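Structure first, commentary second.
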Amino acid sequence: MNYLEIIDTTIKIGLGALITGVIAHFNQKANISASVTKENLLYHRTILTNISKDVEEINHLILKIWAIFEFEVKQIPIDQNKIFERLDPLRKSLFNDFNLLSKNEGLLLLHGFTEQQEKLRIYGELLGQFNSYTLFRNGSVDTQNTAEYKIKILEARKDLYQSLNKALSQ
1 MNYLEIIDTT IKIGLGALIT GVIAHFNQKA NISASVTKEN LLYHRTILTN
51 ISKDVEEINH LILKIWAIFE FEVKQIPIDQ NKIFERLDPL RKSLFNDFNL
101 LSKNEGLLLL HGFTEQQEKL RIYGELLGQF NSYTLFRNGS VDTQNTAEYK
151 IKILEARKDL YQSLNKALSQ
């Protein structure tokens with residue numbers, strides 16, 4: 001075996017090792033990038049799912065308030081004291097749960113979900129308006145206005161969920 005063959009074999013082995021090393025490096029880099037992307041998607045999915053759970057807790061509570069209020073408003077004459085007595089415990093829970101909306105708005109903004117944050121804010125403002133309405137602060141109270149609030153709340157909830165669903169699929 002002469003020097004030329006030895007050098008040729010050495011170069012071939014070296015080039016093979018270099019090519020293998022470069023490919024392994026880029027493959028590892030791609031795997032890490034895919035792993036980070038997958039973790040981010042999973043994290044965002046978890047955040048959006050938890051927000052959805054919080055919204056459902058509040059929605060359940062507001063629909064309980066709506067049902068009691070609607071029933072009591074149908075009674076003639078309207079007994080505001082009885083309504084307040086029945087709704088006060090629910091209002092306290094609603095007040096405590098509003099921190100969930102604030103927390104979730106912050107999370108949505110932090111992760112760049114501005115459209116979803118806007119929908120959540122609109123939903124929260126509507127709940128506040130309905131709560132004021134049940135305190136007889138907005139003038140006349142009747143079953144038609146009460147039913148309209150329910151429709152508006154459910155529509156805002158639907159818009160919020162459509163927006164959250166859109167964010168999940170991104």
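With UniProt numbering, the residue at position 87 of the sequence shown is 87, and numbering never jumps.
Ideal placement from N, C-alpha and C gives every residue a C-beta, glycine not left out.
Here the structure is a predicted model, which is why all the values come from computation and not from measurement.
Going by C-alpha distance, which of 54, 164, 55, 29 is nearest residue 112?
Position 112 of the sequence shown, counting from 1, holds the residue named residue 112. For the residues 54, 164, 55, 29, the minimum Cα distance to residue 112 belongs to 164.
Classify residue 73 as helix, strand or coil using the three-state DSSP reduction.
Here residue 73 corresponds to residue number 73 of the sequence shown, with the count starting at 1. Three-state result, residue 73: helix.
Member of 43, 56, 30 whose CA lies at the smallest distance from the CA of residue 168
One-based indexing of the sequence shown puts residue 168 at position 168. When each option's Cα is compared against that of residue 168, the closest is 43.
Whose CA, out of 87, 123, 85, 88, lies closest to the CA of residue 102?
As a working note, residue 102 is residue 102 in the sequence shown. The option with the nearest alpha carbon to residue 102 is 123.
Taking all protein chains shown into account, do 16 or more other C-beta atoms lie within 10 angstroms of the C-beta of residue 71, making it buried, or fewer, making it exposed?
For the purposes of this step, residue 71 is identified with residue 71 of the sequence shown, where counting begins at 1. Exposed, by the Cβ-count rule.
Are at least three pairs of beta-carbons, each pair with one atom in the region 88-99 and one in the region 123-132, less than 8 Å apart?
yes
Exposure of residue 3, with buried meaning 16 or more beta-carbon neighbours within 10 Å
Here residue 3 corresponds to residue number 3 of the sequence shown, with the count starting at 1. Exposed, by the Cβ-count rule.
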